[in-house]
(Lines of atoms letter the chains of each structure in order from A and count residues from 1; the text may use other names and numbers.)
(Lines give C-alpha, C1' and ligand atoms only; values in the text may rest on other atoms or scores of the structure.)
Protein backbone atom coordinates (compact mmCIF):
# COMPACT_ATOMS: atom_id res chain seq x y z
CA UNK A 1 0.00 0.00 0.00
CA UNK A 2 1.36 3.42 -0.91
CA UNK A 3 1.58 6.28 1.57
CA UNK A 4 -1.30 8.03 -0.20
CA UNK A 5 -3.41 4.85 -0.08
CA UNK A 6 -2.73 4.54 3.65
CA UNK A 7 -3.70 8.16 4.31
CA UNK A 8 -6.90 7.87 2.29
CA UNK A 9 -7.75 4.57 3.95
CA UNK A 10 -7.33 6.17 7.39
CA UNK A 11 -9.32 9.21 6.29
CA UNK A 12 -6.85 11.51 8.04
CA UNK A 13 -3.73 13.46 7.09
CA UNK A 14 -1.55 13.83 10.20
CA UNK A 15 0.52 17.02 10.09
CA UNK A 16 3.38 17.63 12.50
CA UNK A 17 3.79 21.32 13.28
CA UNK A 18 5.40 23.32 16.09
CA UNK A 19 2.73 26.00 16.38
CA UNK A 20 5.30 28.62 17.33
CA UNK A 21 6.56 30.09 14.08
CA UNK A 22 4.51 32.97 12.71
CA UNK A 23 3.45 33.48 9.97
CA UNK A 24 3.75 29.77 9.07
CA UNK A 25 2.25 28.04 12.11
CA UNK A 26 0.75 29.37 15.31
CA UNK A 27 -1.10 27.52 18.05
CA UNK A 28 -4.31 29.29 19.01
CA UNK A 29 -5.72 27.36 21.96
CA UNK A 30 -6.50 23.87 20.69
CA UNK A 31 -6.38 24.92 17.06
CA UNK A 32 -3.72 26.17 14.66
CA UNK A 33 -3.47 29.04 12.22
CA UNK A 34 -0.94 30.32 9.72
CA UNK A 35 0.16 30.10 6.10
CA UNK A 36 1.24 26.46 6.27
CA UNK A 37 -1.81 25.49 8.31
CA UNK A 38 -4.02 26.73 5.47
CA UNK A 39 -1.81 24.85 2.99
CA UNK A 40 -2.19 21.68 5.07
CA UNK A 41 -5.98 22.03 5.14
CA UNK A 42 -6.00 22.57 1.38
CA UNK A 43 -3.83 19.48 0.84
CA UNK A 44 -6.08 17.34 3.02
CA UNK A 45 -9.16 18.53 1.14
CA UNK A 46 -7.49 17.81 -2.21
CA UNK A 47 -6.91 14.16 -1.30
CA UNK A 48 -10.29 13.75 0.37
CA UNK A 49 -9.32 13.38 4.03
CA UNK A 50 -9.49 15.37 7.25
CA UNK A 51 -6.42 17.23 8.58
CA UNK A 52 -5.14 16.32 12.04
CA UNK A 53 -2.46 18.57 13.51
CA UNK A 54 0.14 16.97 15.76
CA UNK A 55 1.99 19.42 18.03
CA UNK A 56 5.75 18.95 18.12
CA UNK A 57 8.84 20.92 19.13
CA UNK A 58 11.82 21.86 16.97
CA UNK A 59 14.12 19.66 19.04
CA UNK A 60 11.71 16.72 18.63
CA UNK A 61 10.55 17.33 15.07
CA UNK A 62 12.72 14.74 13.34
CA UNK A 63 12.11 12.08 15.99
CA UNK A 64 8.36 12.60 15.82
CA UNK A 65 8.33 12.58 12.03
CA UNK A 66 10.58 9.55 11.51
CA UNK A 67 8.73 7.85 14.37
CA UNK A 68 5.57 7.85 12.24
CA UNK A 69 3.62 10.25 14.43
CA UNK A 70 2.61 12.16 11.30
CA UNK A 71 2.44 11.85 7.52
CA UNK A 72 3.88 15.26 6.67
CA UNK A 73 5.55 18.06 8.63
CA UNK A 74 4.81 21.72 7.87
CA UNK A 75 5.52 25.09 9.43
CA UNK A 76 8.52 26.99 8.12
CA UNK A 77 10.94 24.05 8.09
CA UNK A 78 14.34 24.90 6.65
CA UNK A 79 16.04 22.52 4.24
CA UNK A 80 19.25 21.13 5.75
CA UNK A 81 21.58 18.34 4.72
CA UNK A 82 21.12 16.57 8.05
CA UNK A 83 17.37 16.42 7.53
CA UNK A 84 17.72 15.44 3.88
CA UNK A 85 19.69 12.37 4.93
CA UNK A 86 16.64 11.10 6.79
CA UNK A 87 13.58 12.45 4.97
CA UNK A 88 12.43 13.83 1.65
CA UNK A 89 11.40 17.44 1.09
CA UNK A 90 8.74 18.99 -1.08
CA UNK A 91 9.75 21.57 -3.64
CA UNK A 92 10.68 24.76 -1.76
CA UNK A 93 7.67 26.77 -0.62
CA UNK A 94 9.87 29.80 0.09
CA UNK A 95 13.42 30.99 -0.43
CA UNK A 96 14.65 33.34 2.27
CA UNK A 97 17.58 33.92 4.62
CA UNK A 98 18.47 34.74 8.21
CA UNK A 99 18.72 38.27 9.55
CA UNK A 100 19.28 39.78 13.00
CA UNK A 101 16.36 40.90 15.15
CA UNK A 102 17.28 43.29 17.95
CA UNK A 103 16.00 46.20 19.99
CA UNK A 104 15.49 49.16 17.69
CA UNK A 105 17.95 51.18 19.78
CA UNK A 106 20.62 48.64 18.77
CA UNK A 107 19.69 48.19 15.11
CA UNK A 108 22.90 49.84 13.89
CA UNK A 109 25.08 47.70 16.19
CA UNK A 110 24.18 44.24 14.86
CA UNK A 111 24.20 44.38 11.07
CA UNK A 112 26.72 41.59 10.41
CA UNK A 113 27.97 38.39 11.99
CA UNK A 114 31.15 40.23 12.99
CA UNK A 115 29.07 42.93 14.68
CA UNK A 116 27.30 40.31 16.76
CA UNK A 117 30.23 38.02 17.51
CA UNK A 118 31.85 40.15 20.17
CA UNK A 119 32.43 39.72 23.91
CA UNK A 120 29.57 41.18 25.91
CA UNK A 121 26.93 40.39 23.30
CA UNK A 122 24.27 37.79 24.09
CA UNK A 123 22.72 36.02 21.10
CA UNK A 124 19.61 33.98 21.77
CA UNK A 125 18.25 31.01 19.79
CA UNK A 126 15.54 28.38 20.01
CA UNK A 127 16.91 24.83 20.37
CA UNK A 128 16.67 22.10 17.78
CA UNK A 129 16.52 24.01 14.51
CA UNK A 130 18.54 26.03 12.06
CA UNK A 131 18.59 29.10 14.32
CA UNK A 132 20.53 27.22 16.99
CA UNK A 133 22.84 25.76 14.36
CA UNK A 134 23.56 29.21 12.92
CA UNK A 135 24.26 30.75 16.31
CA UNK A 136 26.61 28.02 17.48
CA UNK A 137 28.42 27.89 14.14
CA UNK A 138 28.98 31.61 13.80
CA UNK A 139 29.25 33.10 17.28
CA UNK A 140 32.48 32.16 19.08
CA UNK A 141 33.02 35.27 21.22
CA UNK A 142 29.42 36.31 21.83
CA UNK A 143 27.47 34.38 24.44
CA UNK A 144 24.86 32.03 22.95
CA UNK A 145 21.88 31.28 25.15
CA UNK A 146 19.03 28.91 24.28
CA UNK A 147 15.39 29.68 25.02
CA UNK A 148 13.02 26.76 24.62
CA UNK A 149 9.83 28.77 23.96
CA UNK A 150 9.87 30.23 20.48
CA UNK A 151 6.80 32.33 21.30
CA UNK A 152 8.35 34.25 24.22
CA UNK A 153 11.91 34.37 22.89
CA UNK A 154 11.27 37.88 21.54
CA UNK A 155 10.35 39.16 24.99
CA UNK A 156 13.82 38.13 26.19
CA UNK A 157 15.33 40.72 23.85
CA UNK A 158 12.89 43.44 24.88
CA UNK A 159 13.62 42.69 28.54
CA UNK A 160 17.36 43.04 27.95
CA UNK A 161 18.19 39.44 28.82
CA UNK A 162 19.47 38.94 25.26
CA UNK A 163 20.67 41.33 22.59
CA UNK A 164 19.94 39.71 19.26
CA UNK A 165 18.12 36.78 17.66
CA UNK A 166 19.09 35.63 14.17
CA UNK A 167 16.14 34.04 12.41
CA UNK A 168 14.45 33.94 9.01
CA UNK A 169 13.69 37.36 7.54
CA UNK A 170 9.98 36.63 7.29
CA UNK A 171 9.71 35.80 11.01
CA UNK A 172 11.78 38.83 11.99
CA UNK A 173 9.64 41.22 9.94
CA UNK A 174 6.43 39.75 11.38
CA UNK A 175 7.72 40.06 14.94
CA UNK A 176 8.79 43.68 14.56
CA UNK A 177 5.15 44.48 13.79
CA UNK A 178 3.89 42.42 16.73
CA UNK A 179 6.51 43.57 19.24
CA UNK A 180 7.06 47.35 19.25
CA UNK A 181 10.66 48.06 20.12
CA UNK A 182 12.09 45.24 18.01
CA UNK A 183 13.58 45.89 14.59
CA UNK A 184 14.36 43.47 11.78
CA UNK A 185 17.82 44.40 10.49
CA UNK A 186 18.52 44.48 6.76
CA UNK A 187 15.63 42.20 5.74
CA UNK A 188 16.53 42.70 2.08
CA UNK A 189 20.15 41.63 2.68
CA UNK A 190 20.02 38.33 4.58
CA UNK A 191 23.14 36.79 6.11
CA UNK A 192 22.34 33.38 4.60
CA UNK A 193 20.28 31.68 1.93
CA UNK A 194 17.79 29.05 2.98
CA UNK A 195 14.91 27.16 1.40
CA UNK A 196 11.80 26.25 3.36
CA UNK A 197 9.69 23.24 2.52
CA UNK A 198 7.58 20.36 3.86
CA UNK A 199 8.95 17.12 5.26
CA UNK A 200 7.88 13.98 3.40
CA UNK A 201 8.64 10.36 4.32
CA UNK A 202 11.23 8.41 2.45
CA UNK A 203 9.82 5.57 0.38
CA UNK A 204 10.48 2.12 1.75
CA UNK A 205 13.41 0.36 0.10
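Residue numbers (the numbering used here): 15 to 219.
Where is the CB? At the ideal position from N, CA and C, for every residue including glycine.
As the structure is a prediction and not an experimental result, all values here were calculated from the model.
Sorted by chain position, which residues of the same chain lie with C-beta nearer than 8 angstroms to residue 88's C-beta, five sequence neighbours on each side aside? Your numbering for residue 88 matches position 74 in the chain shown. Within the same chain, residue 88 has close Cβ partners 29, 30, 31, 38, 39, 50, 51, 53, 54, 212 and 213.
Host beta strand (DSSP E) of residue 184 (start-end): Here residue 184 refers to the residue found at position 170 of the chain shown. It is not in any beta strand (DSSP E) - residue 184 instead sits in the alpha helix (DSSP H) that spans 183-192.
Suppose you measure from the CA of residue 78 to the CA of residue 215; what does that come to, to the nearest Å? By 1-based counting over the chain shown, the position of residue 78 is 64. By 1-based counting over the chain shown, the position of residue 215 is 201. Going by the C-alpha atoms only, they are around 12 angstroms apart.
On the three-pair Cβ rule with 8 angstroms, is the segment 97-116 touching the segment 183-200? Yes: the two stretches touch, three or more of their Cβ pairs being nearer than 8 angstroms.
Quick check on the DSSP output: what are the complete beta strand (DSSP E) runs of length 3 or more inside the segment 93-170, in order along the chain? Positions of the beta strand (DSSP E) runs, each at least 3 residues long and wholly inside the segment 93-170, are given as 108-110, 112-117, 136-139 and 157-160 in order along the chain.
Identify, in the order they occur along the chain, each residue of the same chain with its Cβ nearer than 7 angstroms to the Cβ of residue 133, setting aside the five sequence neighbours on each side. For the purposes of this step, residue 133 is taken as the residue at position 119 of the chain shown. Answer for residue 133: 155, listed in chain order.
So if DSSP puts residue 28 in a beta bridge, which residue, or which two residues, is it bridged to? Along the chain shown, one-based indexing puts residue 28 at 14. Paired residue(s): 66.
Pair within 8 angstroms by beta-carbon distance, residue 179 and residue 138: Here the question's residue 179 lines up with position 165 in the chain shown. Here the question's residue 138 lines up with position 124 in the chain shown. Taking 8 angstroms as the cut-off, the Cβ atoms of residue 179 and residue 138 count as close.
Which residues bound the beta strand (DSSP E) around residue 39? One-based indexing of the chain shown puts residue 39 at position 25. Element bounds for residue 39: 39-42.
Put residue 34 into one of helix, strand or coil per three-state DSSP. Along the chain shown, read from residue 1 onward, the residue named residue 34 stands at position 20. If DSSP states are grouped into helix, strand and coil, residue 34 belongs with the strands.
Out of 17, 105, 61 and 118, which has the shortest C-alpha to C-alpha gap to residue 187? Residue 187 sits at position 173 when you count from the first residue of the chain shown. Of the listed residues, the one whose Cα sits closest to residue 187 is 118.
Do residue 131 and residue 148 have their C-beta atoms within less than 8 angstroms of each other? Numbered from 1 along the chain shown, position 117 holds the residue referred to as residue 131. Numbered from 1 along the chain shown, position 134 holds the residue referred to as residue 148. In this structure, residue 148 does not lie closer than 8 angstroms to residue 131 by Cβ.
Hey, could you find the ends of the beta strand (DSSP E) residue 75 is sitting in? For the purposes of this step, residue 75 is taken as the residue at position 61 of the chain shown. Judged by DSSP secondary structure, residue 75 falls outside any beta strand (DSSP E) and instead within the alpha helix (DSSP H) spanning 75-80.
Cβ neighbour criterion (16 or more within 10 Å) applied to residue 126: Start at 1 with the first residue of the chain shown, and residue 126 comes out as number 112. With fewer than 16 neighbouring CB atoms inside 10 Å of its own CB, residue 126 falls in the exposed class.
Coarse secondary structure for residue 173, derived from DSSP in three states: Taking the first residue of the chain shown as 1, we reach residue 173 at position 159. Coil.
Counting C-beta neighbours from all protein chains within 10 Å, is the total for residue 25 16 or more, i.e. buried, or is it exposed? As a position in the chain shown, residue 25 is number 11, starting the count at 1. Burial call: exposed.
With residue 51 as the anchor, note down where its beta strand (DSSP E) starts and where it stops. Position 37 of the chain shown, counted from the first residue, corresponds to residue 51. Careful: residue 51 lies outside any beta strand (DSSP E), inside the alpha helix (DSSP H) at 49-60.
Have a look at 60, 43, 36 and 141 and flag the residue whose alpha-carbon is nearest the alpha-carbon of residue 161. As a first step, residue 161 is located in the chain shown; it is residue number 147 there, counting from the start. Measuring C-alpha to C-alpha distances from residue 161 to each of 60, 43, 36 and 141 identifies 141 as the nearest.
Going by Cα to Cα distance, which pick from 104, 124, 175 and 164 is closest to residue 73? Reading the chain shown from its first residue, position 59 is the one you call residue 73. When only C-alpha atoms are compared, the closest one is 164.
Count the other CB atoms within 10 Å of the CB of residue 90; is the residue buried (16 or more) or exposed (fewer)? Numbered from its first residue, the chain shown carries residue 90 at position 76. It counts as buried.
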